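To keep things clear, I will list the structure first and then write my remarks on it.
In our numbering, the protein residues as written are 21 to 136.
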């Protein structure tokens, strides 16, 4: 079992920055990929950015050049640095982990609100 706890959300003006953190605990040695997803009201949950155990990253076209995913293995923490935030980035952001058996784990989410 893996537990994920997100933090770092909040209210920010357009053009501002936030850094989300996702601290993991439990059987994390079996995790091969980490991701950040978001879900805005009335919309489906979408992938924002992901990082593999090998360090390869990918991100949604809508956030390329603005958001950066990273990982601190010593702290068992995955980060999402969000710069130049836009009102359309407003959503609940969820941390996700996938193990080698393709089992997914989710955090409870953290709210990000960007005002114009």
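Beta carbons are placed, not taken as given, at the ideal position from N, Cα and C, and that holds for glycine. Bear in mind that the values here come from a model prediction, so they are computed numbers and not experimental data.
Residue 136, DSSP secondary structure in three states: If DSSP states are grouped into helix, strand and coil, residue 136 belongs with coil.
Which of helix, strand or coil DSSP assigns to residue 66: For residue 66, the three-state secondary structure derived from DSSP is strand.
Residues bridged to residue 130 (per DSSP): Secondary-structure assignment with DSSP links residue 130 through a beta bridge to 113.
Extent of the continuous beta strand (DSSP E) to which residue 32 belongs: Per DSSP, the continuous beta strand (DSSP E) segment holding residue 32 begins and ends at 30-33.
Sequence-distant residues of its chain with Cβ nearer than 8 Å to residue 32 (five each side left out): The answer, listed in chain order, is 38, 105, 132, 133, 134 and 135.
Contact check, residue 110 vs residue 28, beta carbons under 8 Å: Not in contact: residue 110 and residue 28 (Cβ atoms no closer than 8 Å).
Residue 58 classed as buried or exposed, judged by whether at least 16 other C-beta atoms fall within 10 angstroms: Buried, because 16 or more other Cβ atoms sit within 10 Å of the Cβ of residue 58.
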